[in-house]
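Chemist: My structure is below; once you've seen it, I'll send some questions.
Number of protein chains: 2
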Amino acid sequence: MKLSTKGRYGLKAMYDLALHYGNEPISLKSIAQRQGISEYYLEQLMAILKKAGLVRSIRGAYGGYLLSRKPSEITVGDVLRALEGPIGLVDCALEQEPIKCLRYDNCITRIVWEKIRDSIIKTIDSITLLDMCNEGRKKTKS
Amino acid sequence: MKLSTKGRYGLKAMYDLALHYGNEPISLKSIAQRQGISEYYLEQLMAILKKAGLVRSIRGAYGGYLLSRKPSEITVGDVLRALEGPIGLVDCALEQEPIKCLRYDNCITRIVWEKIRDSIIKTIDSITLLDMCNEGRKKTKS
DNA sequence: CTAATTCCTATCTGTTTACTCGGATTTATA
DNA sequence: TATAAATCCGAGTAAACAGATAGGAATTAG
């Protein structure tokens with residue numbers, strides 16, 4: 001039941017961008033260094049996030065990445081869906097286009113997976129990048 | 143964010159055993175056939191469930207497996223923990239013995255993973271095998 | 001004694017993950 | 001305009017893992 005590094009690293013990177021929201025674009029290299037991630041690998045994740053419309057990029061010297069919306073308007077769910085695909089612990093209980101096996105209609109375990117999925121969705125859709133930034137500020141104060 | 147077949151198949155098997163609770167032991171072969179699972183593979187899962195104390199076995203002809211407690215006293219969480227290990231989407235946010243990286247104390251994303259984990263835990267610990275049986279009865283009636 | 005069954009351990013194969021690399025393109029600035 | 005700093009793009013790879021298979025020993029009801 002583990003998340004891949006896509007989701008893990010991706011949220012770190014998005015949080016990093018959120019902390020710098022409003023300033024100049026942030027380079028891949030600096031994000032990778034701060035967050036302890038392989039730069040080359042992160043590059044691929046940013047491409048996915050860009051395609052999903054969560055970040056935009058500026059090429060060339062002094063270029064980098066920016067959030068394409070305010071931190072308050074990007075949820076953890078947005079990030080995870082972009083990187084990990086539709087939410088769900090099993091293919092027959094994905095939030096979108098569940099893959100129906102032969103036993104689909106009579107399957108009781110499926111109902112369990114759907115309940116778990118819904119609790120995950122409720123949580124990830126309720127946390128924004130801004131929430132995370134505020135949480136971070138609380139920490140450094142104390 | 144996918145569950146392995148351990149958890150998937152394991153819960154199916156446990157549900158199957160719950161449906162037959164109170165009767166003679168159920169053979170691996172019959173569970174595998176009803177649930178559409180490889181018999182040999184299921185064997186390994188049952189060994190894990192047995193070691194975890196969730197089922198007991200009777201060897202020899204006409205032997206098989208039985209729940210070691212009443213369906214009302216076994217939760218989905220019990221089954222998943224036995225088969226998948228401590229709950230958590232990332233190693234630094236496991237419910238038991240989280241693996242602390244260097245950034246552990248200052249890591250904000252970790253807090254997110256913990257919230258998701260807690261919502262999963264709340265759900266899986268609130269559903270028992272009996273609940274699943276009742277759900278199944280509802281379905282066949284309608 | 002026989003057939004049915006669990007128990008135990010080992011092995012295999014395909015897929016996925018996480019990462020690396022090389023080079024093309026863009027662009028701010030000196 | 002030259003240069004360095006970036007993003008962009010596609011390919012390749014090693015290790016880990018999932019899922020399954022197999023063979024044979026031990027147990028037991030009939």
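So the sequence lines, in the order shown, correspond to chains A and B. According to my numbering, the first sequence holds residues 1 to 142 in order. According to my numbering, the second sequence holds residues 143 to 284 in order. For every residue, glycine included, the Cβ atom is placed at its ideal position computed from N, Cα and C.
1) Please determine, among Gln-96/A, Ser-4/A, Val-55/A, the residue with the shortest C-alpha to C-alpha distance to His-20/A.
2) Would a check of beta-carbon distances place Thr-123/A closer than 8 Å to chain B?
3) State the start and end residues of the unbroken beta strand (DSSP E) segment that holds Gly-64/A.
4) Might you give, ordered along the chain, the residues of its own chain that have their beta carbon closer than 7 Å to the beta carbon of Leu-42/A, omitting 5 neighbours on each side?
5) Mind listing the chain B neighbours of Glu-135/A? Cutoff is C-beta to C-beta under 8 Å, in chain order.
6) Got a sec, what are the start and stop residues for the alpha helix (DSSP H) Arg-110/A sits in?
7) Give me the chain B residues within the contact set of Gly-36/A, using Cβ-Cβ distance strictly less than 9 Å, ordered along the chain.
8) So Glu-181/B contacts chain A; which residues on that side make the cut at Cβ distance below 9 Å?
9) If distances are taken between C-alpha atoms only, which option among Arg-34/A, Cys-133/A, Thr-75/A comes closest to Leu-49/A?
10) Assess contact between the stretch 65-74 of chain A and the stretch 86-99 of chain A, defined as three or more Cβ pairs (one per stretch) separated by less than 8 Å. Is contact present?
11) Looking at C-alpha atoms only, which residue of Met-143/B, Gly-202/B, Arg-223/B is the closest neighbour of Ile-168/B?
12) If you count every other CB in all the chains shown that lies within 10 Å of the CB of Ala-235/B, and 16 or more means buried, which is it?
13) Assign Thr-282/B to one of two classes, buried (16 or more other C-beta atoms within 10 Å of its C-beta) or exposed (fewer than that).
14) Reducing DSSP to helix, strand and coil, say where Ile-127/A ends up.
15) Exposed or buried, which one is Ser-119/A when buried takes at least 16 other CB atoms within 10 Å?
16) Going along chain A, which residues have a C-beta under 7 Å from Val-197/B?
17) Looking at the C-beta of Glu-226/B, does it have a partner C-beta in chain A at a distance below 8 Å?
18) Which same chain residues end up closer than 7 Å to Gly-195/B when comparing Cβ atoms and leaving out the 5 residues on each side of it in sequence?
19) Determine, for Ser-30/A, whether the minimum Cβ-Cβ distance to residues of chain B falls below 8 Å.
20) Compile a chain-ordered list of the residues in the stretch 199-223 of chain B whose CB is closer than 8 Å to at least one CB of chain A.
21) Among all the DSSP beta bridges, which residues are the ones paired with Val-232/B?
22) Do Met-1/A and Leu-83/A come within 8 Å of each other at the CB atom, strictly closer than that value?
23) Thinking C-alpha only, which one of Asn-165/B, Asp-273/B, Trp-255/B, Met-274/B is nearest Leu-3/A?
24) In this structure, does DSSP put Ile-48/A in helix, strand or coil?
25) Per DSSP, which one or two residues make a beta bridge with Arg-198/B?
26) Looking only at C-alpha atoms, which of Ile-229/B, Tyr-246/B, Asn-165/B, Asp-273/B sits nearest to Ile-205/B?
27) So what does DSSP say about Ile-26/A, is it helix, strand or coil?
28) If you draw a straight line from the C-alpha of Thr-159/B to the C-alpha of Arg-245/B, how long is it?
Modeler: Straight from the coordinates:
1) Here residue 20/A refers to the residue found at position 20 when the first sequence is read from its first residue. It is Val-55/A.
2) By one-based count along the first sequence, residue 123/A stands at place 123. Chain B has a Cβ within less than 8 Å of the Cβ of Thr-123/A.
3) Mapped onto the first sequence, residue 64/A falls at position 64. Counting along the chain, the beta strand (DSSP E) containing Gly-64/A begins and ends at 64-67.
4) Translated into the one-based positions of the first sequence, residue 42/A becomes position 42. Taken in chain order, the residues that qualify are Tyr-9, Ala-13, Leu-28, Ile-31, Ala-32.
5) Here the question's residue 135/A lines up with position 135 in the first sequence. Chain B residues near Glu-135/A: Ile-250, Ile-253.
6) Translated into the one-based positions of the first sequence, residue 110/A becomes position 110. According to the DSSP assignment, Arg-110/A belongs to the alpha helix (DSSP H) that extends over 108-124.
7) Within the first sequence, residue 36/A is the residue found at index 36, counting from 1. Residues of chain B passing the Cβ test: Cys-243, Leu-244, Arg-245.
8) Looking up residue 181/B in the second sequence gives position 39. Within chain A, not a single residue places a beta-carbon under 9 Å from that of Glu-181/B; the smallest gap is close to 17 Å.
9) Here residue 49/A refers to the residue found at position 49 when the first sequence is read from its first residue. Taking only the C-alpha atoms, the option nearest Leu-49/A is Thr-75/A.
10) With a cut-off of 8 Å, the stretch 86-99 of chain A and the stretch 65-74 of chain A do not count as touching, because too few Cβ pairs lie within range.
11) For the purposes of this step, residue 168/B is identified with residue 26 of the second sequence, where counting begins at 1. Comparing Cα positions, the closest option is Gly-202/B.
12) The residue given as residue 235/B occupies position 93 in the second sequence. Within 10 angstroms of the beta-carbon of Ala-235/B lie 16 or more other beta-carbons, which makes it buried.
13) Taking the second sequence and counting its residues from 1, one reaches residue 282/B at position 140. Exposed, since its Cβ has fewer than 16 Cβ neighbours within 10 Å.
14) Taking the first residue of the first sequence as position 1, residue 127/A is located at position 127. Under the three-state reduction of DSSP, Ile-127/A is assigned to coil, being neither helix nor strand.
15) As a position in the first sequence, residue 119/A is number 119, starting the count at 1. Answer is buried; the Cβ neighbour count reaches 16.
16) As a first step, residue 197/B must be located in the second sequence, where it is residue number 55. Per Cβ cutoff of 7 Å: no residues; Val-197/B is ~17 Å from chain A at best.
17) Numbered from its first residue, the second sequence carries residue 226/B at position 84. Answer yes: the Cβ-Cβ gap between Glu-226/B and chain A drops below 8 Å somewhere.
18) Your numbering for residue 195/B matches position 53 in the second sequence. Correct list, in chain order: Ser-210.
19) Position 30 of the first sequence holds residue 30/A. No, Ser-30/A lies away from the interface with chain B (no Cβ there is under 8 Å from its Cβ).
20) Those residues of the stretch 199-223 of chain B that come within reach of chain A (Cβ to Cβ, closer than 8 Å) are Val-218, Leu-222.
21) By 1-based counting over the second sequence, the position of residue 232/B is 90. According to DSSP, Val-232/B bridges with nothing at all.
22) Taking the first residue of the first sequence as 1, we reach residue 83/A at position 83. Taking the first residue of the first sequence as 1, we reach residue 1/A at position 1. Here Leu-83/A is not near Met-1/A, since their CB atoms are 8 Å or more apart.
23) Sequence index remark: in the first sequence, residue 3/A carries index 3 (1-based). Closest by C-alpha distance to Leu-3/A, out of Asn-165/B, Asp-273/B, Trp-255/B, Met-274/B, is Trp-255/B.
24) What you label residue 48/A is simply residue 48 of the first sequence in a count that begins at 1. In this structure, DSSP gives Ile-48/A a helical state, which the three-state scheme calls helix.
25) Mapped onto the second sequence, residue 198/B falls at position 56. Bridge partners of Arg-198/B: Leu-208/B.
26) Numbered from its first residue, the second sequence carries residue 205/B at position 63. Residue identity differs from the one stated: residue 205/B is Gly in this sequence, not Ile. Minimum Cα distance to Gly-205/B is reached at Asn-165/B.
27) Numbered from its first residue, the first sequence carries residue 26/A at position 26. In this structure, Ile-26/A counts as strand in the three-state DSSP scheme.
28) The sequence position of residue 159/B within the second sequence is 17, counting from 1. The sequence position of residue 245/B within the second sequence is 103, counting from 1. The sequence given here has Leu at residue 159/B, not Thr. Rounded to whole angstroms, Leu-159/B and Arg-245/B show a C-alpha spacing of 44 Å.
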